[in-house]
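Numbering (this note's numbering), first residue to last: 527 to 768. What follows is one structure encoded as structure tokens, with my remarks underneath.
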Ligand SMILES: O=C(O)CCC(=O)C(=O)O
Ligand SMILES: [Fe+2]
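Now the structure itself:
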């Protein structure tokens, strides 16, 4: 299948960065990319103005994404392989982080290592009423990736694929490989179409040093292209809904 790659158009230059400007892009497009950021910028201090930090898998507030040799053969964010489209923390019993933010210490600079994003609210709008009702009213068993399980940090939780909420936007949880779909006649077809949609519609971010990417994790799925530069280094925080 052919894939299309779209540039990240929901973007700000550092000179125009403010909390209201960023929120405006997040509400409208589901993500924002900020470049031109100086080396002394405090990403964490700025991001706490968008939402409170949530602990990462290991209990720390900041997670480093850098390939580690010991994870080379696992499905894991900490290697150089591509990832499947997913949302973050589908396997947590509570609400997943509202926002996921990544900033770049060292870009891959080899034509790979792009973070990719697609809008699942738009995808869900294109499903049939029957499909939408089905995947929003039954629950599915989600479990941690092999890599996170290998770190002894695995979890399991049951959720609908789309969680509609009173007075708040829905939460889309998304995994291709870490969800039990064995006894369901609707989900496998929806997942296949979601991957086609992702392939066609995703935007790709090619990081510059210090640049920041933030997205609405209740709305967007994300993924990553493979890369070869083991020096690639990102940092990640999760921000809770307020
Ligand atoms: O390495 C990346 O670009 C993204 C990895 C990822 O899925 C994540 O940080 O949640
Ligand atoms: Fe992720």
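From the three backbone atoms N, C-alpha and C, an ideal C-beta is built for every residue, glycine too.
For residue 755, the three-state DSSP class (helix, strand or coil):
coil
N-terminal and C-terminal residue of the beta strand (DSSP E) that residue 626 is part of:
625-632
Status (buried if at least 16 other CB within 10 Å, exposed otherwise) for residue 533:
exposed
Cβ neighbours of residue 606 in the same chain (closer than 7 Å, five flanking residues each side left out):
593, 752, 753, 754, 756
Quick one: complete beta strand (DSSP E) runs, 3+ long, within the stretch 641-694?
641-645, 666-669, 682-685, 688-691
How many angstroms separate the CA atom of residue 536 from the CA atom of residue 733?
14 Å
Ligand 2 and residue 617: does the residue's C-beta get closer than 7 Å to at least one heavy atom of that ligand?
no
Going by alpha carbons, who is nearest to residue 676 out of 531, 551, 530, 583?
583
Residue environment, residue 690, which counts as buried when at least 16 other CB atoms sit within 10 Å:
exposed
Helix, strand or coil for residue 698? Go by DSSP, reduced to three states.
strand
How should residue 715 be labelled, buried or exposed, when 16 other C-beta atoms within 10 angstroms of its C-beta is the threshold for buried?
exposed
Quick one, which of 542, 700, 621 has its alpha-carbon nearest residue 694's?
621
Would you be able to state if there are at least three C-beta pairs under 8 Å between the stretch 617-635 and the stretch 735-751?
yes
Quiz: which residues have CB nearer than 6 Å to ligand 2 non-hydrogen atoms
603, 612, 614, 748
Going by DSSP in three states, residue 602 sits in which element: helix, strand or coil?
coil
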